[in-house]
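J.: Residues in the sequence shown are numbered consecutively from 1, following the working numbering. Structure incoming, see below.
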Amino acid sequence: MSAHADPIPMTARASAPLRGVAEVPGDKSISHRALILGAMAVGQTHVTGLLEGQDVLDTAKAMRAFGATVTRLGQGEWTVQGVGVGGFAEPADVIDCGNSGTGVRLIMGAMATSAISTTFTGDASLRKRPMGRVTQPLSLFGTQSYGRQGGRLPMTVIGAADPVPVRYTVPVPSAQVKSAVLLAGLNAPGETVVIEKEATRDHSERMLAGFGAAIHVETAAEGRIITLTGQPELRPQTVAVPRDPSSAAFPVCAALIVPGSDILVPGVSRNPTRDGLFVTLLEMGADITYENPREEGGEPVADLRVRFSGDLTGVETPEDRAASMIDEFPILSVVAACASGITTMRGVKELRVKESDRIDAMARGLEACGVRIEEDEDTLVVHGMGQGNVPGGATCATHLDHRIAMSFLVLGLASKAPVSIDDGAPIATSFPVFEPLMKQLGASIERTHG
Ligand code: S3P
């Protein structure tokens with residue numbers, strides 16, 4: 001979406017203590033999947049707590065283009081009248097997934113085994129990202145695709161008219177690739193098997209089971225083996241989307257580094273495949289407690305009580321934790337800058353193919369703010385300066401990346417001089433209420449012009 005939106009320069013400055021309740025929006029991953037699986041079920045799925053960020057709105061629009069009836073009833077409350085597995089109509093126009101890698105990759109999977117063709121595109125960020133990681137396994141079903149050099153969008157995908165089931169080992173830890181193959185497997189006869197060496201977020205597996213698909217997961221020496229029986233009739237569901245831990249990360253980390261803060265973040269998903277940041281923050285000495293643990297919408301959730309933690313220390317995050325916190329490394333690197341000692345993040349090369357090259361974006365912005373950084377292809381090292389010692393005073397480039405934008409604004413709340421970003425518009429893709437929510441807690445964030 002940001003390709004069309006005017007840039008919104010923003011500035012954050014040292015803030016009064018953050019206080020109050022931070023009700024963050026619904027989980028982005030689960031929201032995309034609820035709309036897509038709702039569109040593939042027979043009958044009406046009812047969703048509450050849907051994230052109404054631009055990424056998810058683009059997926060809703062796409063599902064309409066494939067023939068589903070998607071209706072907004074009220075704040076976060078939506079219905080999807082599905083067309084059934086194999087029931088997608090051929091879209092009359094190009095599908096624009098905006099900024100969303102999850103949207104485009106999952107939708108490619110969902111249409112790949114129907115006898116229809118679809119041309120996909122996205123914004124300037126998405127058009128740089130690799131799609132071959134999805135179209136390669138989809139070709140095993142018999143799907144064809146024609147994109148730009150390097151498997152980039154725009155790309156036309158020609159669905160397989162007579163798909164065959166596949167057995168595929170995902171070569172990089174990627175829930176998007178895993179999910180694309182599983183969604184394609186829905187309309188292939190027989191058993192589709194996906195093997196992942198490292199566990200990635202498991203929302204697709206959970207939700208496919210909830211919609212009535214025969215799906216079986218076992219853990220073996222080669223990794224997690226997921227077996228899906230094709231051509232089920234998916235039953236419509238009521239999906240209560242829990243709040244997004246990746247969005248919760250921003251107020252949580254802000255409260256940890258702004259002196260005197262004490263906030264509550266209710267109803268956050270504690271799915272273990274998404275929990276790596278919180279595990280890491282606790283290791284660093286963060287004052288976070290989990291209150292009222294419970295289950296909502298098939299996911300474990302809890303209320304997070306977070307208090308300012310002035311003596312955080314650097315840690316090393318192991319390679320095998322990276323997948324469970326893949327979207328949280330930018331904000332972790334901000335906390336690491338405010339901690340004492342060195343934080344070493346290992347196994348993070350996937351960050352280079354996100355909405356931006358997040359290792360490069362964070363390294364350059366933190367350096368501009370006076371923080372010492374070391375990096376290689378797969379590692380990011382932040383030399384912590386200790387509470388209250390980060391100089392700040394720079395304008396950081398956000399490269400159409402919502403998480404880079406929010407991370408540098410959080411840094412500005414705890415650095416000596418204000419931190420600015422060139423463009424906060426992409427924040428609307430995942431956390432449209434970030435600015436009012438942070439201000440309500442007491443954060444000093446403003447739009448620099450207009
Ligand atoms: C997502 C998977 C992750 C993550 C993205 C959402 C998903 O990407 O970075 O924000 O919903 O499946 P990869 O699967 O490419 O690692």
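Note that the Cβ used here is the ideal one computed from N, Cα and C, for glycine as well.
If we call anything under 9 Å between Cβ atoms a contact, is V279 one with A414?
T.: Not in contact: V279 and A414 (Cβ atoms no closer than 9 Å).
J.: Residues in its own chain within less than 6 Å of Q237 by CB, not counting five upstream and five downstream?
T.: The residues are T45, G210 and F211.
J.: Do you know offhand how far S407's Cα is from C338's?
T.: Distance between the alpha carbons of S407 and C338 is about 13 Å.
J.: By Cβ distance below 8 Å, which residues in the same chain neighbour R294 in space, the five residues on each side in sequence not counted?
T.: Cβ neighbours of R294 beyond the five flanking positions: P300, V301 and A302.
J.: Tell me whether the beta-carbon of S29 lies closer than 9 Å to the beta-carbon of H203.
T.: Yes, Cβ-Cβ distance for S29 and H203 is below 9 Å.
J.: Quick test of the definition: if touching needs 3 or more C-beta pairs under 8 Å, does the region 169 to 183 touch the region 118 to 135?
T.: A contact exists between the region 169 to 183 and the region 118 to 135.
J.: Suppose you measure from the CA of C396 to the CA of S100; what does that come to, to the nearest Å?
T.: Going from the Cα of C396 to the Cα of S100 covers about 22 Å.
J.: Evaluate M1 with the Cβ neighbour count: other Cβ atoms within 10 Å of its Cβ, from every protein chain shown; 16 or more gives buried, anything less gives exposed.
T.: Only weak support exists for where M1 lies, its pLDDT of 42 falling under 50; the coordinates are left without a value.
J.: In the DSSP output, what is P300 paired with across the bridge?
T.: Paired residue(s): E295.
J.: Could you check where the alpha helix (DSSP H) with Q237 kicks off and where it finishes?
T.: From DSSP, Q237 is part of no alpha helix (DSSP H); its letter is neither H nor E.
J.: Across which residues does DSSP place E222 in a beta bridge pair?
T.: DSSP lists no partner for E222.
J.: Beta carbon of L106: closer than 8 Å to some heavy atom of the ligand S3P?
T.: At least one heavy atom of the ligand S3P is nearer than 8 Å to the Cβ of L106, so yes.
J.: Please work out which residues of its chain come closer than 7 Å, Cβ to Cβ, to V194, disregarding the five sequence neighbours upstream and downstream, and give them in chain order.
T.: Answer for V194: Y168, V170, K178, V181, L182 and I226, listed in chain order.
J.: Cutting at 7 Å between CB atoms, please list the residues of its own chain near E367, excluding the five before and the five after it.
T.: Same-chain partners within the cutoff: I373.
J.: Between the Cα of R152 and those of P163, T119, G142 and V172, spot the shortest distance and give me the residue it belongs to.
T.: Closest option to R152, Cα to Cα, is T119.
J.: Taking only runs of the alpha helix (DSSP H) that begin and end inside the region 341 to 377, which ones reach a length of at least 4 residues, in chain order?
T.: Complete alpha helix (DSSP H) runs here, min 4: 358 to 368.
J.: To the nearest angstrom, report how far apart I445 and V315 are at their CA atoms.
T.: If I take the Cα positions, the gap works out to 29 Å.
J.: Please classify A89: is it buried, with 16 or more other beta-carbons within 10 angstroms of its beta-carbon, or exposed?
T.: A89 comes out exposed.
J.: Looking only at its chain, what residues have a beta carbon closer than 7 Å to the beta carbon of A3, apart from the 5 residues adjacent to it on each side?
T.: Bear in mind that the predicted position of A3 carries a pLDDT of just 45, short of 50, making it unreliable; the figure below should be weighed with that in mind. Same-chain partners within the cutoff: D123 and A124.
J.: Rounded to whole angstroms, what is the Cα-Cα separation between G82 and V241?
T.: So the two alpha carbons sit approximately 18 Å from each other.
J.: Can you tell me where the alpha helix (DSSP H) with L183 in it begins and where it stops?
T.: First-last of the alpha helix (DSSP H) with L183: A175 to G185.
J.: Out of curiosity, what's the CA-to-CA distance linking A62 and T229?
T.: Roughly 26 Å separates the two Cα atoms.
J.: What residue range is occupied by the uninterrupted alpha helix (DSSP H) comprising S415?
T.: Looking at the DSSP string, S415 is not in any alpha helix (DSSP H), and its letter there is neither H nor E.
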